[in-house]
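The block underneath contains the structure these notes are about, expressed in structure tokens.
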Amino acid sequence: MHSPAFTRAHHPTGKLFTTHIPAADGQPALELFWLQDCQAAIDAGQRRAERWLMEKEPASLWAVLLVGREGQVPEGQRTAYEVAFLARLQQRLLAQEAGS
Numbered sequence: 001m002h003s004p005a006f007t008r009a010h011h012p013t014g015k016l017f018t019t020h021i022p023a024a025d026g027q028p029a030l031e032l033f034w035l036q037d038c039q040a041a042i043d044a045g046q047r048r049a050e051r052w053l054m055e056k057e058p059a060s061l062w063a064v065l066l067v068g069r070e071g072q073v074p075e076g077q078r079t080a081y082e083v084a085f086l087a088r089l090q091q092r093l094l095a096q097e098a099g100s
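If you use full-length UniProt numbering, the sequence shown corresponds to residues 1 to 100, in order.
This is the structure we're talking about:
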């Protein structure tokens, strides 16, 4: 989830995988670098956050995050899910702040 230079400095032999969180609510897309292919977990986290934002009577945010992350294995996938979930919420918050 770090920059390529940071990741290479700490894991010089690891191949880097680029993942993307799409632009939303007028906020820019994000490009992240991981030591494993985490795009599926990124997509799942982003989609679940989007569903939560659209629900008329949303469940508890922490419970939705916890249940979704538990479905991701191994730990790197869980972290990717969390990052995408929270990044999507941040996009919405920043968009609302910009509109104020």
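We put the CB at the ideal spot given by N, CA and C, even for glycine.
Considering only C-alpha positions, which residue in the set the options is nearest to residue i?
i          : options        : result
residue 18 : 95, 80, 54     : 80
residue 45 : 25, 56, 67     : 67
residue 16 : 83, 26, 31, 99 : 31
residue 33 : 27, 57, 14, 23 : 14
residue 78 : 43, 24, 52     : 43
Throw me the rounded Cβ distance for the residue i and residue j pair, which I believe falls under 8 Å.
i          : j          : result
residue 64 : residue 48 : 7 Å
residue 26 : residue 95 : 5 Å
Can you tell me where the beta strand (DSSP E) holding residue i begins and where it ends?
i          : result
residue 32 : 30-34
Would DSSP call residue i helix, strand or coil?
i          : result
residue 27 : strand
Just reading off the alpha helix (DSSP H) that residue i is part of, what are its end residues?
i          : result
residue 97 : 75-99
residue 14 : Looking at the DSSP string, residue 14 is not in any alpha helix (DSSP H), and its letter there is neither H nor E.
residue 37 : Taken as a continuous stretch (DSSP letters only), residue 37 belongs to no alpha helix (DSSP H), as it is neither H nor E.
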